[in-house]
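Under numbering that gives the first Met the number 0, think of the first position of the sequence shown as 0, with each following residue one higher.
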Amino acid sequence: MKKINFPRDSGAHKSVVEWWYFNGNLQDKSGNRFSFMNCLFKLDVKKSLIPYLQFFPLKTLFSVHTIICDIEKKKTYRTIDYIVIPTKDSFSAPLLFAKYYNPLKPFIRADCLIEENPESVFHLKNDQLDLQCVSAKKPFPAAGSGYLEFGERSTYYYSYTNLKTKGILKIGKRKIEVSGKSWMDHQWADAPYSKDKWNWFCIQLDNGIEIICFEYGGKKKKYSHAGVCPADDSRQYSENLQFEPVGKKWKSELSGAEYQLSWKISNDDLKMDLLIKPLSRNEEMIAGPINYWECPIEVGGTFGKEKVIGRGFMEIVGPEMENGRIKIFMNEMKEKLLEFNKKQKK
């Protein structure tokens, strides 16, 4: 184990899986609420142990997931680019720099990027968004060192918990000027995570406190962790959180998977007792063997001796699917990979 080092570790690593993930709660000039999620994934094809990737001609697979949610209109716009190609100069800068395009639609997405500039300023750009995110706090390494162990699993992990954000969301022909607050996670590990399960929450309270908390694992063994970043940018950590489901689960018509959307999260060490509610419902994403639910949340409750409110994001990964979606996806993916191979030979 080594401690995370900045800025060296903002770029890519020789790991089985890695991702650079952003989410945010935003609003336009009229106060209409929106949210976004944008994530660049990097996967070692051979070590991932995912069967359909035997058709992939490259050693490393990059893909991008993007979600835009119009909260007022209760509409969600999803994009999964299963294959994106980084430019040759990607990951060559001292800070994070990844420019990429989708080879299956090069004229639509030929100038997409995730870029970190000095002073922790991030620029996100694709055909659904163009945002600048400026960090108000230092990077927040998980568990203090940035290294977490969960039984047979371990991961490097850090966050930027408070990103002042402004820019444009693109929905159809509309370009919507927005501003608000975002969150960034960077994680890498030597494990495929294709069958793992977790419930993950990032919380930004109105009093300047940010909280990351999650439970990882299945019925036999679960691990939990919380990290707190107070307004003064100090750090607190705790384990043994209690996650209590509230209300009925939401069932997907597409996959048949059931997702728990409302939660009570508590921890005696932090004197934390929070109620989590979703701001949208139809937020399922399916990518190969992984299905997950990703959505903005509202938060209320107590932290310490203070009543608190806030916003954030929730990610529920891995509930069992009933409808054979994996086989459907594998057939779709084979077709896309065959199309990709033909383009590479030309």
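Beta carbons are placed, not taken as given, at the ideal position from N, Cα and C, and that holds for glycine.
Supposed close pair residue i, residue j - CB separation, criterion 8 Å
i: L162; j: S134; result: 5 Å
i: L52; j: L60; result: 7 Å
i: M36; j: E293; result: 5 Å
i: P365; j: S261; result: Past the edges of the chain, shown from 0 to 345, lies residue 365, and the structure says nothing about it.
i: C228; j: K136; result: 6 Å
i: Y76; j: I67; result: 5 Å
i: L168; j: A225; result: So it is not a contact: roughly 31 Å between Cβ atoms.
i: I275; j: V298; result: 6 Å
i: N31; j: R310; result: In fact, because the Cβ distance is near 15 Å, the residues do not count as touching under 8 Å.
i: I296; j: N198; result: Their Cβ separation, rounded to whole angstroms, is 12 Å, which puts I296 and N198 out of contact at 8 Å.
i: S254; j: I70; result: About 23 Å; that fails the 8 Å criterion.
i: E17; j: W187; result: 4 Å
i: G317; j: K196; result: 3 Å
i: K98; j: S89; result: 5 Å
i: F302; j: I208; result: 6 Å
i: D267; j: Y20; result: Contact flag wrong, Cβ pair sits at about 30 Å.
Among the options, the one whose alpha carbon lies nearest that of residue i
i: G150; options: G166, I285, E118 and A190; result: A190
i: L39; options: F33, K73, F54 and T78; result: T78
i: H64; options: K124, I175, N266 and K165; result: K124
i: G145; options: K304, D267, N37 and R234; result: R234
i: V120; options: P277, C132 and D110; result: C132
i: K174; options: G255, E209, P140 and L128; result: L128
i: Y222; options: K263, S153 and N4; result: S153
i: L336; options: V83, K74 and M320; result: V83
i: L204; options: D268, G300 and W19; result: G300
i: K46; options: Q26, S14 and Y291; result: S14
i: E321; options: Y258, S279, D272 and E71; result: Y258
i: L130; options: I3, K104, E114 and P138; result: E114
i: D231; options: L273, D43 and T160; result: T160
i: K172; options: G166, D126 and G216; result: D126
As assigned by DSSP and simplified to three states, the class of residue i
i: R280; result: coil
i: S153; result: strand
i: S33; result: In the sequence as presented, Ser is not what sits at residue 33; that position holds Phe. Residue state, collapsed to three classes: strand.
i: L123; result: strand
i: F200; result: strand
i: L52; result: helix
i: L147; result: strand
i: F90; result: coil
i: L57; result: coil
i: G216; result: strand
i: I70; result: coil
i: E321; result: coil
i: S47; result: coil
i: V357; result: Look at the range of the chain in this structure, 0 to 345, and you will see that residue 357 is not part of it.
i: N206; result: coil
i: P295; result: strand
i: A135; result: coil
i: K28; result: coil
i: G361; result: Residue 361 is absent from the model: the chain starts at 0 and stops at 345.
i: E118; result: coil
For residue i: DSSP bridge partner residues
i: N340; result: According to DSSP, N340 bridges with nothing at all.
i: P6; result: P6 pairs with nothing; no bridge assigned.
i: V63; result: L39 and D80
i: D272; result: S265 and T301
i: L168; result: L128 and I175
i: S237; result: A225
i: E243; result: K263
i: P85; result: Y99
i: G255; result: DSSP lists no partner for G255.
i: D184; result: Y20 and S158
i: P140; result: Y157
i: K104; result: Looking at the DSSP assignment, K104 forms no beta bridge with any residue, so it has no partner.
i: K250; result: E257
i: K163; result: V133 and K180
i: K306; result: T301
Cβ pair count under 8 Å reaching 3, the stretch 172-181 against the stretch 279-292:
The stretch 172-181 vs the stretch 279-292: no contact.
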